[in-house]
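These notes concern the structure reproduced below.
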Amino acid sequence: MLKSLSVTVVLVVFVNTIRVNNVHHKQNHVWHEIVNTENRKIKIKVNTGADVSIMPLKVFKKLDSQLQKIKPTNYVLKAFEGSTLKPTGVVRLHCNYKSNELYENFMIIEHAEQVLLGGWASLQLQLVTRINSNIANDNVKTRVINENSDIFTGNGKFPGQCCITVLDKFEPVCHPTTKAPIAIGSSLKKELDRLVERKAIVKVGNFNPKASINKMVMVEKPNGNLRLCLDPLDLNTDIVRKPK
């Protein structure tokens, strides 16, 4: 009778834990803290991107020289680049930082260089705080707009005129007026008036029925406003593609 073994793959980030000869990196961004672990002060690295916490075997021996607390585990640790590592075992240790404490499962790694505290444990010990906001993104957005104000100001109209060359066989297609549902009639008029006011489009009184007249495409935005576009499908098929 064969008994299958279950293997659990856990994502863990080995940041700055593997050293390569002749390769040096500045580590000013590394975040270390002193956490009381089994009544011993242990220097740990906060690793919010990891699903588990890890501890070098040599560090654990200082806490329990007889290795009595280590239990076997089927976990396989996997780094972002795809490499895998089988822990020696797992141990449950009491940790406290200031007024916060918890029991955390540490994966014991024989050749690891430092103690890494995973994301969940870091939150429980309040080493990090979850902030559900877009403050950083908003700051980046504002900075980009301010640094490129010429791009984000006005209608985005390029100077000069663009000449489009078509094939000799090109025959202009005149599409009929686009029909819009009654439900969006007011929104459509509002958007057309807005585009006329900002001189993005102009009203045409008398036009040549043999001219190339494109279809209009209406797309509703998430905020309920309309986005109006021209669909130059017939024109695009007969444009002369010039080499770059």
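Read in order, the letters of the sequence shown are residues -17 to -1, 1 to 227 in mature numbering (1 follows the signal peptide of the UniProt record, and there is no 0).
Where is the CB? At the ideal position from N, CA and C, for every residue including glycine.
- Taking a contact as a CB-CB distance under 8 Å, the pair Asn30 and Leu99 counts as one, their CB atoms being some 4 Å apart.
- Annotated as distal: Ser195 and Pro159, with beta-carbon spacing of 9 Å or more.
- By the neighbour-count criterion, in which 16 or more other beta carbons inside 10 Å mark a residue as buried, Val187 falls on the exposed side.
- Put simply, the region 122 to 142 does not touch the region 65 to 83. Fewer than three CB pairs are less than 8 Å apart.
- In the structure shown, the three-state DSSP call for Phe43 is helix.
- With a cut-off of 8 Å on Cβ pairs, the region 105 to 113 is not in contact with the region 38 to 47, counting fewer than three such pairs.
- Boundaries of the beta strand (DSSP E) harbouring Lys198: 198 to 203, taken from the DSSP string.
- Judged by pairs of C-beta atoms under 8 Å, the region 137 to 149 does not touch the region 54 to 69, as fewer than three such pairs exist.
- Collapsing the DSSP output to three states places Val18 in a strand.
- Here Ile91 is buried: its Cβ has 16 or more other Cβ atoms, across all protein chains shown, within 10 Å.
- Taking Lys28 as the centre and dropping the five residues before and after it, the same chain places the C-beta of His15, Gln97, Leu99 closer than 6 Å to its C-beta, in chain order.
- Across the set Leu60, Asn88, Arg181, Leu175, the C-alpha of Leu175 shows the shortest separation from the C-alpha of Val200.
- Val35 counts as buried, since at least 16 other C-beta atoms from the protein chains shown sit within 10 angstroms of its C-beta.
- Beta-bridge partners of Leu76 (DSSP): Glu87.
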